[in-house]
Amino acid sequence: MLFSQIVGQQELKEKIIYLINEGRLPHAINLLGHEGSGHLALAMAIAQYINCKQKTPTDSCGVCASCIKIQKLQHPDVHFSFPTISIAKKPPSTSKDFIVPFREFIAQNPYGTDTEWLDFLGKEKQGNITALECRDIIQKLLLRSFESEYKILIMWYPEYLGKEGNILLKLIEEPTPNTILIFVTTVVDHLLLTIQSRTQLFPLKRLSDAEIQEGLIRKGLDPSKALMYARIAEGNYNEALKLSNDIEDEWLMITRNWLNALFSNNGLQLVQWVMEMADGSKEHQKKFLTYFIQLLEHAFRIKHIGSSHLALLEGELKLVTTLLQKGVDEKEIPQLIPILNDAIYHIERNANSKILFHHISLQVQQVLIPALHEK
Ligand SMILES: [Zn+2]
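So for the sequence shown, this note's numbering puts the first residue at 1; every next one is plus one.
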């Protein structure tokens with residue numbers, strides 16, 4: 001991972017690069033970031049930069065033998081530790097047992113989460129970082145380094161350490177020479193206090209919409225589509241990536257079903273729709289509403305500026321065009337958006353979602369139906 005491949009976090013990247021080049025990076029650091037902030041990607045970029053044979057003042061080369069091995073998670077001096085699951089009738093598991101799937105998971109998306117990782121292992125089991133794993137780490141770091149000056153440990157989700165994490169305290173306090181420990185933490189309150197107090201905290205910032213948009217554009221997305229996902233993702237680049245991959249079709253279908261029920265005044269269909277929506281998570285509900293707001297904004301722009309459609313999928317453009325043909329326009333859109341925003345507000349405050357979606361369905365219908373008849 002190059003620093004330049006990490007979305008946003010410019011200030012922190014510069015600070016860390018400066019500390020590495022001055023030889024002043026603390027030997028035990030805690031990269032604290034929310035989901036999708038890029039803290040694991042940053043840990044990998046740090047490990048790569050420290051060991052790169054041809055680094056520039058601002059980044060690794062990305063092509064030397066060391067960089068290539070680290071990119072593949074195959075460098076003998078860069079160790080990864082992460083939550084694993086137990087296997088029946090086998091001794092407690094360690095990261096070594098799961099390194100092959102872990103490489104595959106990280107290659108797909110270094111912004112992924114612990115839940116996604118455990119799902120990826122395909123078992124509905126609790127994740128854990130075991131005592132055996134902690135002892136294994138100590139053993140590994142006691143050895144002389146193989147190829148590089150520094151031995152590096154990246155521990156992803158140290159929140160999974162139970163009390164056994166205290167086995168590591170001596171290592172953190174009196175590290176073996178040329179050893180860097182990088183903890184990649186998401187929920188600091190779940191991390192052992194003894195580890196928190198012995199590591200230097202480097203917090204990551206919430207990504208801005210513009211930073212996420214830029215990341216998605218680099219992945220080949222159209223700029224306005226990228227901005228739309230960035231807004232929905234609320235600072236979580238992992239979420240933005242997922243949105244850009246697959247969820248859009250599902251939302252388009254949800255939106256279409258809702259509008260069909262509303263326009264045709266089909267009570268049964270509407271009740272079904274409300275029940276399904278109420279069954280989803282709060283996050284899902286909020287994201288759907290945000291998605292619909294964005295579609296309405298696109299409709300408004302298409303009608304009045306005539307350019308927005310480039311950012312839409314074929315199905316979305318069709319839906320937006322239908323709305324416009326049905327007379328949903330400059331009078332209706334500004335009435336609809338506050339209804340939807342209010343609903344987001346109430347979802348955040350734990351409103352009963354069945355009542356809420358039923359209520360806003362009626363409100364939206366009251367705006368849509370007259371539009372249908374007037375024009
Ligand atoms: Zn290199």
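Positions of the beta carbon are idealized from the N, C-alpha and C atoms, including for glycine.
{"query": "Buried or exposed for residue 137, going by 16 or more other Cβ atoms inside 10 Å?", "result": "buried"}
{"query": "Around the C-beta of residue 146, are 16 or more other C-beta atoms found within 10 angstroms, so that it is buried, or is it exposed?", "result": "exposed"}
{"query": "Go ahead and label residue 199 buried or exposed: buried means 16 or more other beta carbons lie within 10 angstroms of its beta carbon, across all protein chains shown.", "result": "buried"}
{"query": "Give me whichever residues DSSP pairs with residue 28 in a beta bridge.", "result": "181"}
{"query": "Return the residue from the list 364, 83, 305 that minimises the CA-CA distance to residue 258.", "result": "364"}
{"query": "Alpha carbon to alpha carbon, how far is residue 369 from residue 332? Give it in angstroms, no decimals.", "result": "10 Å"}
{"query": "Restricting to Cα atoms, I'd like to know which of 91, 116, 153, 276 is closest to residue 48.", "result": "153"}
{"query": "Can you tell me whether residue 54 sits near ligand 2, meaning its C-beta is under 7 Å from at least one heavy atom of the ligand?", "result": "Of the ligands one can find in the structure shown, namely ligand 1, none is ligand 2."}
{"query": "Would you list the residues sitting across from residue 155 in a DSSP beta bridge?", "result": "81, 183"}
{"query": "Measuring only from the beta carbon, is residue 353 closer than 7 Å to any heavy atom that is part of ligand 1?", "result": "no"}
{"query": "Using the three-state DSSP reduction, which class does residue 202 fall into: helix, strand or coil?", "result": "strand"}
{"query": "Is residue 78 close to ligand 1? I mean its beta-carbon at under 7 Å from any heavy atom of the ligand.", "result": "no"}
{"query": "8 Å is my cut-off, CB to CB: does residue 183 come that close to chain B?", "result": "Considering every chain present, this structure includes no chain B. It has just one protein chain."}
{"query": "In this structure, how does DSSP classify residue 128 when only helix, strand and coil are distinguished?", "result": "strand"}
{"query": "In angstroms with no decimal places, state the Cα-to-Cα distance between residue 175 and residue 341.", "result": "52 Å"}
{"query": "Which of the three DSSP states is assigned to residue 227 in this structure?", "result": "helix"}
{"query": "Please tell me whether residue 8 and residue 207 are closer than 8 Å, where the distance is taken between their beta carbons.", "result": "yes"}
{"query": "Taking contact to mean at least 3 C-beta pairs separated by less than 8 Å, is the stretch 101 to 111 in contact with the stretch 59 to 67?", "result": "no"}
{"query": "Using 8 Å as the Cβ pair cut-off and three pairs as the minimum, do the stretch 8 to 25 and the stretch 124 to 136 touch?", "result": "no"}
{"query": "Keeping to the same chain, check which residues put their C-beta closer than 6 Å to that of residue 380; ignore five residues upstream and five downstream.", "result": "The structure shown does not extend to residue 380, since the chain spans only 1 to 375, so no value can be given for it."}
{"query": "Name the one or two DSSP bridge partners that residue 241 has.", "result": "BP columns for residue 241 are empty, so no partner."}
{"query": "By the 10 Å Cβ neighbour count, where 16 or more other Cβ atoms means buried, how is residue 77 classified, buried or exposed?", "result": "buried"}
{"query": "Is residue 320 closer than 8 Å to residue 347 when the C-beta atoms are compared?", "result": "no"}
{"query": "Quick test of the definition: if touching needs 3 or more C-beta pairs under 8 Å, does the stretch 258 to 271 touch the stretch 230 to 248?", "result": "no"}
{"query": "Can you tell me whether residue 213 is buried or exposed? The criterion is at least 16 other CB atoms within 10 Å of its CB, across all chains shown.", "result": "buried"}
{"query": "Can you give me the C-alpha to C-alpha distance between residue 158 and residue 116, rounded to a whole angstrom?", "result": "16 Å"}
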